Amino acid sequence: MDFDLEETISKSIHPQDERFDTVIGELEEILMDEEFLEFQHSFFNKYSHIFTDDEENKLEYMDIFEKYTAHVEKYIAQRLTANLKWFKMEEFLEQLKERSSEELEGDVFELLESLGDFNVFKEMMLAHKLEKNRQHIDLSGLLFVNSRK
Numbered sequence: 001m002d003f004d005l006e007e008t009i010s011k012s013i014h015p016q017d018e019r020f021d022t023v024i025g026e027l028e029e030i031l032m033d034e035e036f037l038e039f040q041h042s043f044f045n046k047y048s049h050i051f052t053d054d055e056e057n058k059l060e061y062m063d064i065f066e067k068y069t070a071h072v073e074k075y076i077a078q079r080l081t082a083n084l085k086w087f088k089m090e091e092f093l094e095q096l097k098e099r100s101s102e103e104l105e106g107d108v109f110e111l112l113e114s115l116g117d118f119n120v121f122k123e124m125m126l127a128h129k130l131e132k133n134r135q136h137i138d139l140s141g142l143l144f145v146n147s148r149k
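Set out below in structure tokens:
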């Protein structure tokens, strides 16, 4: 009886949905891959010092954002086409448009959305800059030992 239920469920899944889920799974692997994380860390190290928490944004910020977005998009497309021979970016983007917002929840979708959102990118840069600065703060002068006699 369980076998019949599994067979019915597997037949009811549309092949496009199955492919979409496969792409999402592959995206998760790509975005958690050490190579991608190293690129992101290196990129943020290189450029985060330029960003400030001012309301007014410098033109230079947009150039950096476009550089980051172009690199990430190219990297993702190359990895997806290498790992999934049938993958076509145009089809995937169309499937993304067809999905409801409830279907597009999770870390992968947030990252994909952030690629087109300058404000999210700037927040990531500022957070990285803050973390980097915390690591370089010398706290040795804050410790004071007083012997009581």
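Numbering-wise, the UniProt record's numbering puts 12 at position 12 of the sequence shown, and it's gapless, one number per residue. For every residue, glycine included, the Cβ atom is placed at its ideal position computed from N, Cα and C. Since we're looking at a predicted model, the values are computed, not measured.
**Message:** Please state the DSSP three-state secondary structure of serine 114.
**Reply:** helix
**Request:** Kindly give me the distance between the Cβ atoms of valine 108 and glutamate 35, rounded to whole angstroms, as I take these residues to be in contact under 8 Å.
**Result:** Actually they are not in contact, since the Cβ atoms of valine 108 and glutamate 35 sit about 17 Å apart, beyond 8 Å.
**Request:** Throw me the rounded Cβ distance for the residue 171 and alanine 77 pair, which I believe falls under 8 Å.
**Result:** As shown, the chain starts at 1 and ends at 149. That puts residue 171 outside it, with no answer to give.
**Length of the line joining the Cα atoms of histidine 41 and lysine 85** = 29 Å
**Request:** Thinking glutamate 73 and leucine 115 are a contact (beta carbons under 8 Å), I'd like their distance in whole angstroms, please.
**Result:** 7 Å
**Asked** With a cut-off of 8 Å, does the C-beta of serine 48 fall near any C-beta of chain B?
**Response** Chain labels in this structure do not include chain B; a single protein chain is all it has.
**Message:** Would tyrosine 75 and isoleucine 64 qualify as a contact pair, given that the criterion is a beta-carbon distance under 8 Å?
**Reply:** no
**Message:** Taking 7 Å as the limit between beta carbons, can you name the residues of its chain near isoleucine 24, skipping five residues before and five after?
**Reply:** Val108
**Prompt:** I think lysine 122 touches asparagine 45, with their Cβ atoms under 8 Å apart; what is that distance to the nearest whole Å?
**Reply:** At roughly 16 Å, the Cβ-Cβ gap does not stay under 8 Å, so lysine 122 and asparagine 45 are not in contact.
**Item:** Proximal residues to phenylalanine 20 (C-beta, below 7 Å), its chain only, five neighbours per side dropped
**Value:** Gln95
**Prompt:** Are glutamate 66 and isoleucine 50 closer than 8 Å when you measure CB to CB?
**Reply:** no
**Coarse secondary structure for threonine 52, derived from DSSP in three states** = coil
**Prompt:** Between leucine 111 and the rest of its own chain, which residues show a CB-CB distance below 8 Å, the 5 nearest in sequence each way excluded?
**Reply:** Leu31
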